[in-house]
Structure formats: structure tokens, C-alpha cells
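Enquirer: Could you have a look at this structure, given as C-alpha cells, before my questions?
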Amino acid sequence: MAEEGRDVVVELGFIQNTPAWKLRSKFFPSKVGGYPAWLALKNLPTNEELSCHICSKPLVFLCQIYAPFHDRDYCFHRMVFVFVCRDPDCYRENDASNIRVFRCQLARENEFYPNEPAKDTDLGSESPGAGDFNNLCRICGALGPKTCGGCKVARYCSKDHQALDWKSGHKAECKNPENISKVSCSGHAKFLFPEFEIELEPEELEAAKEKSEEEVMKDYEELLRSGQVTHQNDEDSDTENDLINMATQETDKQFQKFRMRIKDYPDQIVRYDRGHEPLWVSSSNKPADIPPCPSCGQPRQFEFQVMPQLLVHLKVDNPGKSIDWGTVLVYSCKESCQQDRNYIEELAYKQDYSPISQVMKNHPCAAAS
Ligand SMILES: [Zn+2]
Ligand SMILES: [Zn+2]
Ligand SMILES: [Zn+2]
Ligand SMILES: [Zn+2]
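Going by the working numbering, the first residue of the sequence shown is number 818, and it counts up by one from there.
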């Protein structure tokens, strides 16, 4: 992906159905869901690092983006991983305490992979993979230091995942240790998000530019109107109108910009635009200042953002309380500094919609459908 001349071009990520075997570590995939395809196969993030800051439970792998720095030998391979908490109760507005991001990079010559990339024309073996060097949790694919006392084969990151696996089939399977595989029979299917490849393509701006400001305003007014016509009772509609008025006044010009920009590519799930300005979903709740890289002290820069459209593919975008975001922004060390750890935590920031779009999203009619 990312070439030198990409200053002006944002790369958009789209969902792609790809056979699971092509999404393993040796193919360096950008992907959503399933187990993480770890880049460095040793010294994975600790279970502590992969836990939610709010509920302390293990996070689930959301996505990873393959994003080498072409001008740095030590970033010949480079991957950024995003993990989120599955518990809807941990989703707080404009707060990313339940989201954690890790960066990993390798030189072309490294201890895990051959210099020439693996051919993705035939199935081949799963190796090299993190399972060759570590015991991995059958549920989530993180380090699995805990062993099932029954079969002494199944490994887990936590009591939580052991219990989940037990309930979803390991109880029966445990009696036949010789048949137990490294992946859970069904537990991981319940915990992990569906797995897809992310295909990155340059955003072609031509089309977006042709949309006049006027046209965008018209769409926007329609959106407002559609939210206004259907209130259920006076109290509610007062609140709604207040919100709509407030939103119309300040408004969120930024939200219009957001809608205009994604209109031609409504299926985009990721925007990769390293070193540039994110596409905000709202003009409020932008991060005031991004703390520098704790490892080297250099500033962090915006790298990419996860779009709300991804929620649709996670099968969690239900009405009511759910995993949710306007956009998740990832900031990483400008230098992508080399450290003695393989996985370096970077910064996630969650921006949610301004009041107007909350009204649209939470409207009783929308929720009922
Ligand atoms: Zn949580
Ligand atoms: Zn686990
Ligand atoms: Zn067991
Ligand atoms: Zn750094």
C-alpha cells in the first residue's frame, strides 16, 4: 500500500471475502475479525495489555492494517492492530478506554519469515504463525498461559475464556484430549468478529468534488426533516427539537463534510491517511492534544481511522445498547520508533456523533426497524 506520492490520496479500506487461509501471518494481511494474524510471532502483547481499561476483561481483535514505512528498513513489515471490548456497557461517549492499539514492525530479514513473501496460490501450511512459538488462547488468539486442568491441552488467556469455551463445547471435548485442536470448536466463533480481508484502494476525489455545497445542504436538511416528523410525545419532541435546533445552529458543518466525503464510497470501513487530518464526524470532541510516543518522546501523528460502516459487518449494530462509534482514530509514533519490545502500544481516540446525529441514530422509528 502507501507509496511516496500518496500525500494527496487517502486510502480507503473495503470488506473483501477472502478464504481464511489467505489471512494468516505469512501473507501479511490487512483484515477484520478472526484471530489476530500476529506479525512478530514472539513477545506478543501481554494479557494485561490486551484487557479493557474499564471492565478488565480480555479485548477482542477488531482489525489490523499492514502499513510499512518504505523509507525505514526496520519497518519493511509493519502492522497496526486494533482491539476493542465486546461489552456494550464499556462504550462511553468520546472515550476510547475500551479500545487499545498496538504497533509491530520487522526488517525484511527477520527471524520469522523468509525474505520473499509466501505465495498465496495454494493452501500450504499455517506456519509460520504465533502458535509455533506460543501457547495461544483458543477463544481469542492472545497468549494462553492457563491450561485446562482436565485435558491439559486447551490453553486460555483468562478464566473468562476458559469458562466460555467450557460452556460452548469443551466440556464434552475435554474427555478426548487427542482430538483437541488449537482452535476452539465453537467458542471462538461466538467471541470473535467475522473474518474478512480489508482491501485498500485510493480514494478518487474527482467525484466527491463535483458535489456542490448546495446539494449537500439539501441532503442535510432532508435528514433533519426526516428526524423531526415522527416524534412520539411532546416531551420527547421538545428534547428532539432542542437538539435539532442546537445542531442546526452550530452545526455541525463538520458532519456535513463527513457525509459529503463518504458519499461516493459509503462502504468504506477504514481511511488510511498517515500524517494528515482525520475525517472528523463532528466538530466537537476533537482530542485537545495527543501525548507523544512514550518510548521515544517524538510526537504521535494520525495514522488511520475506523469508520462506522464497519459496525454493520460485525453483526453488532443492533438497535439499543451495542458496540458503537462515530469513528475510531489511531495515532502512532511519527518515527515508528524501534524498541526492544515487538508490540508497542499506540493511541486510540473515539469520536462520536454530535447531538443531531445521535437523534437520528436513536430515533424510535429508526430503532424499531
Ligand atoms: Zn470492557
Ligand atoms: Zn482469550
Ligand atoms: Zn480440557
Ligand atoms: Zn516513538
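For every residue, glycine included, the Cβ atom is placed at its ideal position computed from N, Cα and C. Bear in mind the structure is a predicted one, so any value in this text is a computation, not a measurement.
Of all the alpha helix (DSSP H) runs that stay within the bounds of the stretch 934-1008, which reach a length of 4 or more residues?
Expert: List check, alpha helix (DSSP H) in window: 976-982, 1004-1008.
Enquirer: Report all residues from its chain with a CB closer than 8 Å to the CB of residue 1019; omit the five preceding and five following residues, and keep chain order.
Expert: 823, 826, 827, 828, 829
Enquirer: Looking at the structure shown, is residue 906 part of a helix, part of a strand, or coil, going by DSSP?
Expert: helix
Enquirer: Answer with buried or exposed for residue 1046, where buried requires no fewer than 16 other C-beta atoms within 10 angstroms of its C-beta.
Expert: Any answer about residue 1046 is weak, because its pLDDT of 41 lies below 50 and its placement is not dependable; what the coordinates show is given next. Burial is judged here by how many other beta carbons sit within 10 angstroms of a residue's own beta carbon; residue 1046 has fewer than 16 and is exposed.
Enquirer: According to the neighbour-count rule (16 or more other Cβ atoms, all chains shown, within 10 Å of its Cβ), is residue 850 buried or exposed?
Expert: buried
Enquirer: Any heavy atom of ligand 3 closer than 7 Å to the CB of residue 1105?
Expert: no
Enquirer: Using a 10 Å radius around the Cβ and a threshold of 16 neighbouring Cβ atoms, would you call residue 1133 buried or exposed?
Expert: Burial check for residue 1133: the Cβ neighbour count within 10 Å stays below 16, so the residue is exposed.
Enquirer: Measuring alpha carbon to alpha carbon, tell me which of 852, 1074, 835, 932 ends up nearest residue 953.
Expert: 852
Enquirer: Roughly how many angstroms separate the alpha carbons of residue 813 and residue 1141, rounded to a whole number?
Expert: Since the first residue shown for the chain is 818 and the last is 1186, residue 813 is missing from the structure and cannot be characterised.
Enquirer: Would you please state the rounded distance, in angstroms, between the beta carbons of residue 916 and residue 901? I believe it to be under 8 Å.
Expert: 5 Å
Enquirer: Using a Cβ-Cβ cut-off of 8 Å (strictly less than) and excluding sequence neighbours within five positions of residue 1103, which residues of its own chain qualify?
Expert: 1097, 1168
Enquirer: Tell me whether the beta-carbon of residue 1095 lies closer than 8 Å to the beta-carbon of residue 1122.
Expert: yes
Enquirer: Name the DSSP beta bridge partners of residue 1096, please?
Expert: DSSP output for residue 1096 lists no bridge partner at all.
Enquirer: Residues in the same chain with beta-carbon distance under 6 Å from residue 1166, minus the five sequence neighbours each way, listed in chain order, please.
Expert: 913, 1104, 1146
Enquirer: Can you tell me which residues form a DSSP beta bridge with residue 844?
Expert: Residue 844 pairs with nothing; no bridge assigned.
Enquirer: Below 8 Å on the Cβ atoms is my contact criterion, and I expect residue 1099 with residue 1071 to pass it. Report the Cβ-Cβ distance as a whole number of Å.
Expert: 6 Å
Enquirer: Is it the case that the CB of residue 852 approaches a heavy atom of ligand 2 more closely than 7 Å?
Expert: Residue 852: no, Cβ never under 7 Å from ligand 2.
Enquirer: Measuring CB to CB, does residue 1149 end up less than 8 Å from residue 892?
Expert: no
Enquirer: Which value, in whole angstroms, describes the spacing of the CA atoms of residue 1051 and residue 1170?
Expert: With a pLDDT of 46 at residue 1051, under the threshold of 50, the modelled position of that residue is not reliable, and the figure given next carries that caveat. Between the C-alpha atoms of residue 1051 and residue 1170 there is a straight-line separation of about 24 Å.
Enquirer: Could you please give the first and the last residue of the uninterrupted beta strand (DSSP E) stretch that includes residue 894?
Expert: 894-901
Enquirer: Okay, do the stretch 853-868 and the stretch 947-965 touch, 3+ Cβ pairs below 8 Å being the bar?
Expert: yes
Enquirer: Going by DSSP, what residues sit across from residue 1164 in a beta bridge?
Expert: 1148
Enquirer: I'd like to check one pair, residue 955 with residue 1005: are the Cβ atoms closer than 8 Å?
Expert: yes
Enquirer: Quick one: give me the first and last residue of the alpha helix (DSSP H) that residue 1071 is part of.
Expert: 1070-1079
Enquirer: Please classify residue 1120 as buried or exposed, where buried requires at least 16 other C-beta atoms within 10 Å of its C-beta.
Expert: Around the beta carbon of residue 1120, 16 or more other beta carbons lie within 10 angstroms, which makes this residue buried.
Enquirer: Of all the options 1127, 1143, 906, which has the alpha carbon lying nearest to the alpha carbon of residue 833?
Expert: When only C-alpha atoms are compared, the closest one is 1127.
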